[in-house]
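Residue numbers (this note's numbering): -8 to 98.
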């Protein structure tokens, strides 16, 4: 369980970081090289995702919930937009879904 959670965190950091670099390049007119670095970072996100032990569909469904939580944290810490109560409730429900999808015993 801990190993999966660590992979989810690393995956989220690479995806958010890569997208943010491309955002800076296109939306804020910063260096083209940030876009290139963002593309490389996004490719690494794809590679790290393959280390998860579960099947593809289950991993990506659960990762969606982790991504929601990490995107909220990113927005709060990087963009300085504090999540409101509805953001926090939605994030809690997304993380609860992750736990159900990834760690419920199956036959």
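A virtual CB, placed ideally from N, CA and C, is assigned to each residue, including glycine.
ask   = Leaving out five residues before and five after residue 5 in sequence, what residues of the same chain have Cβ atoms less than 8 Å from its Cβ?
value = The beta carbon of residue 5 sits closer than 8 Å to the beta carbons of 32, 33, 35, 36 and 39 from its chain, once the five residues preceding and following it are set aside; these are given in chain order.
ask   = Do the stretch 20 to 30 and the stretch 64 to 75 touch if we need at least three Cβ pairs shorter than 8 Å?
value = Taking 8 Å as the limit for Cβ pairs, the verdict is that the stretch 64 to 75 does not touch the stretch 20 to 30.
request  = Can you say whether residue 94 is buried or exposed, counting buried as having 16 or more other CB atoms within 10 angstroms of its CB?
outcome  = For residue 94, the number of other beta carbons within 10 angstroms of its own is below 16, and it is reported as exposed.
query = Where does the unbroken alpha helix (DSSP H) through residue 47 begin, and where does it stop?
reply = Counting along the chain, the alpha helix (DSSP H) containing residue 47 begins and ends at 47 to 68.
query = CB-CB under 7 Å to residue 42, same chain, minus the five flanking residues each way: which ones, in chain order?
reply = Excluding residues within five positions, the ones whose Cβ falls inside 7 Å are -2.
key: Whether residue 63 touches residue 3 by CB criterion (8 Å)   = Result no, Cβ atoms of residue 63 and residue 3 do not sit closer than 8 Å.
ask   = Excluding sequence positions up to five away, which residues of its chain have a Cβ less than 8 Å from the Cβ of residue 81?
value = Around residue 81: 59.
task = Find the nearest neighbour of residue 86 within the set 12, 56, 13 and -6, judged by alpha-carbon distance.
result = Comparing Cα-Cα distances from residue 86 to each of 12, 56, 13 and -6, the minimum goes to 56.
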